[in-house]
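Take 102 as the starting number for the sequence shown in our numbering and just add one per residue. What follows is a set of notes on a single structure, which appears directly below.
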Amino acid sequence: MKHKRTDFPPDFQFGVATSAYQIEGHAQGAAGTTHWDSFAATPGNVANAENGDIACDHYNRFEQDFDLIRDAGFDCYRFSTSWARVLPEGRGTINQQGLDFYDRLTDALLERGIKPCATLYHWELPSPLADLGGWRNRDIAEWFADFTEIVMGRIGDRMFSVAPINEPWCVSWLSHFEGHHAPGLRDIRATARAMHHVLLAHGRAIETMRGLGMSNLGAVFNLEWAEPADDSNEARIAAELYDGIYNRFFLGGVFDKSYPGNVLDGLEPHLPTNWQDDFDTIGTPVDWCGLNYYTRKLITRADAPWPGLKEVPGPLPKTQMGWEVDPAALSRFLIRTARDHTGDLPIYVTENGMASPERHHDTDRIGYLDQHLAEVRRALDQGVPIKGYFVWSLLDNYEWALGYEKRFGLVDVDFETLERTPKASYHALQAALARD
């Protein structure tokens, strides 16, 4: 790699990220069922009808995986907790095996000198709560606050940082409007309510953790840079709307206590009654902002009901996901987010990485990471207070509706034997992160 640790400020944190359902093996440890289990069990939803029952078996192999994190030289590990592992019904009776697992996991990280960075929710909702409407039901904000108090009451004293919800756009729009993720809905009213309630739940979780005396609490957003597909006014308006839905709705709710007007043009009739009254909770102050960035999209107008948008294939190199590689958009996002939303608040790149078919000699991933680190450096040079960078992901894992084919890991996983093999990118980062 061209970059090394000394190219960044002395307090800059390098980390690697995963999520619970994608690696743990959910059919273990008395965890409850989730809406991802039922989504995956429905024909046609997931490639090869694959599920997260075993995944990477991290539930039994986390010590081996943490040795890999330590040996690579990472400072931090960003992981998520499974709501259904801790509360199989989503509420009520606690599964002590689940709490004990996250307790052991936390101590194992600290024993290796790795900072634990938790995300409370990364998409796997307990099935009994899905039966009650899930993210469409306003009560989910209180259910989530209760879960937050239980799990962080156990491990919160040892966390370096915590964020409530990973990628609210995926939790709400991708899952309730486009139907690509659980619960697999295509309903604008459900979408509007999920978009609002996911932010309300975020705010209630922050309030709950403040009540526990916790600090270094943040919010994590996934961003896609939207550009007009051509020079027409229609394409410009379409790209601005895509940007509003994907990026500014969630950033604006948390940091500005408002939603973009062009998004409200379509969603306001479907939002809950008195939604405006929730902004003081949604906008509960946080200590940092996390940005997950992977790609950009070219957008134009579609002859369809609101939002009437469609993507146009772009000319840039593509990853295994078919996503364009546009590193410069990362620095543009970092600069814009600080300017328009967060000011002097610390920013972390909480996910960045690529899927590659290369099982071991993934030189394409090395180049991808190097290019994006250059853009982090560019934004730092312009005064953006970036405090860390997390690679997605440590392991090849369950890539949701795409099953096990798309590989984002620095470490190869043989899903027959579950053997771990560090890739070239792992070794390149290991060399780059070495301390003198």
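Backbone N, C-alpha and C fix where the C-beta goes; we use that ideal spot for every residue, glycine too. Model, not experiment: these values are computed from the prediction.
Exposure label - residue i; buried when at least 16 CB within 10 Å
{"i": "R311", "result": "exposed"}
{"i": "A405", "result": "exposed"}
{"i": "K103", "result": "exposed"}
{"i": "S432", "result": "buried"}
{"i": "R287", "result": "exposed"}
{"i": "A131", "result": "exposed"}
{"i": "L410", "result": "buried"}
{"i": "E212", "result": "exposed"}
{"i": "D331", "result": "exposed"}
{"i": "N149", "result": "exposed"}
{"i": "P418", "result": "exposed"}
{"i": "Q197", "result": "exposed"}
{"i": "N334", "result": "exposed"}
{"i": "P447", "result": "buried"}
{"i": "W236", "result": "buried"}
{"i": "H473", "result": "buried"}
{"i": "H462", "result": "exposed"}
{"i": "W224", "result": "buried"}
{"i": "A535", "result": "exposed"}
{"i": "L313", "result": "exposed"}
{"i": "S316", "result": "exposed"}
Coarse secondary structure for residue i, derived from DSSP in three states
{"i": "V321", "result": "strand"}
{"i": "D513", "result": "strand"}
{"i": "S228", "result": "helix"}
{"i": "I266", "result": "strand"}
{"i": "T134", "result": "coil"}
{"i": "A327", "result": "strand"}
{"i": "L410", "result": "strand"}
{"i": "E341", "result": "helix"}
{"i": "E506", "result": "coil"}
{"i": "V151", "result": "In the sequence as displayed, the identity of residue 151 is Glu instead of Val. Residue state, collapsed to three classes: coil."}
{"i": "L496", "result": "strand"}
{"i": "V477", "result": "helix"}
{"i": "V485", "result": "coil"}
{"i": "H159", "result": "helix"}
{"i": "R101", "result": "Residue 101 cannot be examined here, being either before or after the span of the chain that is shown, 102 to 537."}
{"i": "L233", "result": "coil"}
{"i": "F434", "result": "helix"}
{"i": "G362", "result": "helix"}
{"i": "N334", "result": "helix"}
{"i": "F278", "result": "coil"}
{"i": "L286", "result": "coil"}
{"i": "Q584", "result": "Only positions 102 to 537 of the chain appear in this structure, which leaves residue 584 out of reach."}
{"i": "D445", "result": "coil"}
{"i": "H371", "result": "helix"}
{"i": "H104", "result": "coil"}
{"i": "G468", "result": "helix"}
{"i": "S139", "result": "helix"}
{"i": "A405", "result": "coil"}
Nearest-angstrom beta carbon gap, residue j and residue i [assumed within contact, 8 Å]
{"i": "V426", "j": "Y394", "result": "Wrong, their Cβ atoms sit about 11 Å apart, outside the cutoff."}
{"i": "G174", "j": "R186", "result": "Not a contact, Cβ separation roughly 29 Å."}
{"i": "Y505", "j": "F516", "result": "5 Å"}
{"i": "K507", "j": "Q421", "result": "6 Å"}
{"i": "G214", "j": "R171", "result": "7 Å"}
{"i": "P265", "j": "L221", "result": "5 Å"}
{"i": "W184", "j": "G191", "result": "7 Å"}
{"i": "D379", "j": "L318", "result": "Incorrect: roughly 19 Å between the Cβ atoms, too far for contact."}
Counterpart residues of residue i in DSSP-defined beta bridges
{"i": "F491", "result": "G116"}
{"i": "V187", "result": "None; V187 has no bridge partner."}
{"i": "T522", "result": "D513"}
{"i": "K419", "result": "E425"}
Where the alpha helix (DSSP H) containing residue i begins and where it ends
{"i": "Y203", "result": "Q197 to E212"}
{"i": "V355", "result": "F350 to D357"}
{"i": "A306", "result": "I289 to G312"}
{"i": "Y347", "result": "No alpha helix (DSSP H) contains Y347, which DSSP labels as neither H nor E."}
{"i": "F248", "result": "I241 to I256"}
{"i": "D381", "result": "F380 to I383"}
{"i": "Q123", "result": "A121 to I124"}
Host beta strand (DSSP E) of residue i (start-end)
{"i": "E452", "result": "I448 to E452"}
{"i": "L392", "result": "W389 to R402"}
{"i": "R549", "result": "It is not possible to answer for residue 549, since the shown part of the chain is limited to 102 through 537."}
{"i": "A219", "result": "K216 to Y222"}
Chain C within 8 Å of residue i, Cβ atoms only
{"i": "M310", "result": "Of the protein chains in this structure there is only one, and it is not chain C."}
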